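Undergrad: Position one of the sequence shown corresponds to residue 127 (my numbering), numbered consecutively onward.
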Amino acid sequence: MRFRHSDELWHDFPALVPGVLYVEGISRDRDVARQVAAYGLVAERRLAGSGESELPEIQAWRRAYARLGLKPTQYRCASESLLRRFRKEGALPSIHPLVDLCNAVSMAFAIPVAVLDVAEIVDSLEVRHATGEETYVTFGGTTENPQPGEVTFVDAAGNAHARRWTNRQSGRSAVSPTTNTALIVAEALHDTAPDDIHRLVATLTDELSTAWSTNAKTAVLSRSNPEFVV
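1) Is L167 buried or exposed, if buried means 16 or more other CB atoms sit within 10 Å of its CB?
2) With a threshold of 8 Å on Cβ separation, who are the neighbours of H131 within its own chain once the five nearest residues in sequence on each side are excluded?
3) Mind checking which residues open and close the alpha helix (DSSP H) that includes R160?
4) Between the alpha carbons of V311 and V241, how many angstroms are there, rounded?
5) Name the DSSP bridge partner or partners of L242?
6) N306: buried (16+ other C-beta within 10 angstroms of its C-beta) or exposed?
7) Could you tell me the alpha carbon to alpha carbon distance between L330 and E150, rounded to whole angstroms?
8) Using 8 Å as the threshold, is the C-beta distance between P223 and R154 below it?
9) So with Cβ pairs under 8 Å, would you call E313 a contact of chain B?
10) First and last residue of the alpha helix (DSSP H) that includes V139?
11) Where does E333 fall in DSSP's three states?
12) Using DSSP bridges, identify the partner residues of A345.
13) According to the Cβ coordinates, are G297 and E259 closer than 8 Å?
14) If you follow the beta strand (DSSP E) that D281 is part of, which residue opens it and which one closes it?
15) Our contact map puts T278 next to A288 with C-beta atoms below 8 Å; I'd like the distance itself, whole angstroms only.
16) If you reduce the DSSP assignment to three classes, tell me which class F212 lands in.
17) From the DSSP output, read off the bridge partner residues of P325.
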């Protein structure tokens with residue numbers, strides 16, 4: 127498969143730093159509770175110093191959303207939503223060990239991390255502005271069309287695998303009990319994003335190897351090196 131961001135998106139957001147992991151051999155019979163708790167403690171310490179909306183990683187996404195014409199307090203990037211829920215409830219619900227682990231790492235770094243079932247992606251995936259003709263499936267199973275100009279993840283069949291960039295994933299490619307192969311995408315826009323994305327990718331690579339004994343294929347992309355091919 128091929129993953130990339132469109133040239134237009136790189137033009138509009140030159141500070142973007144995406145990190146990508148492709149991992150096989152995933153199963154749900156793993157216990158990652160200890161790792162999740164450890165990253166939760168990191169998130170707690172960060173939230174003790176300031177609210178999630180004040181973190182530089184989140185502020186950068188709020189500026190991006192404002193540039194896209196979205197109200198940052200109405201549509202939050204995924205990591206802000208996770209941190210907000212974690213701050214209010216003290217924990218996140220368990221979904222699947224891979225998702226639980228990625229959510230915990232996302233909170234610790236305050237960087238949105240998408241986890242997609244590769245079996246539900248048709249051929250390739252591009253992060254780009256929507257035309258309005260793409261098809262998005264909610265977690266409840268209903269169908270929507272992204273607004274023209276909205277940033278989404280689109281495969282070769284025109285399926286939209288996200289709404290409003292990092293705001294919400296699709297039920298179509300959500301990790302399930304039968305997921306074997308996953309694509310993990312972390313995206314950041316803040317000043318120290320290059321260093322932080324490299325650390326996040328290395329962290330997830332180690333955790334995936336420990337939990338599933340698998341070696342993820344990874345890359346940190348840039349405007350001059352925008353594609354990840356497996």
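Glycine included, each C-beta is placed from N, C-alpha and C at the ideal position.
Just so it is clear, the structure is predicted and the values come from calculations on it, not from any experiment.
TA: To lay it out plainly:
1) exposed
2) For H131, the CB contacts under 8 Å within the same chain, skipping 5 residues up- and downstream, are L142, P144, E252, V253, R254, L347 and P352 in chain order.
3) Segment A159 to G175, the alpha helix (DSSP H) holding R160.
4) 7 Å
5) L309
6) exposed
7) Going from the Cα of L330 to the Cα of E150 covers about 14 Å.
8) yes
9) Protein chain content of the structure displayed is limited to a single chain, and chain B is not contained in it.
10) As written in the sequence, residue 139 is Phe, which differs from the Val given in the question. First-last for F139: undefined, no H or E at that position.
11) helix
12) DSSP, once it has assigned bridges, lists V146 as partnering A345.
13) no
14) V277 to D281
15) 5 Å
16) helix
17) The question names Pro, but residue 325 is Arg in the sequence shown. BP columns for R325 are empty, so no partner.
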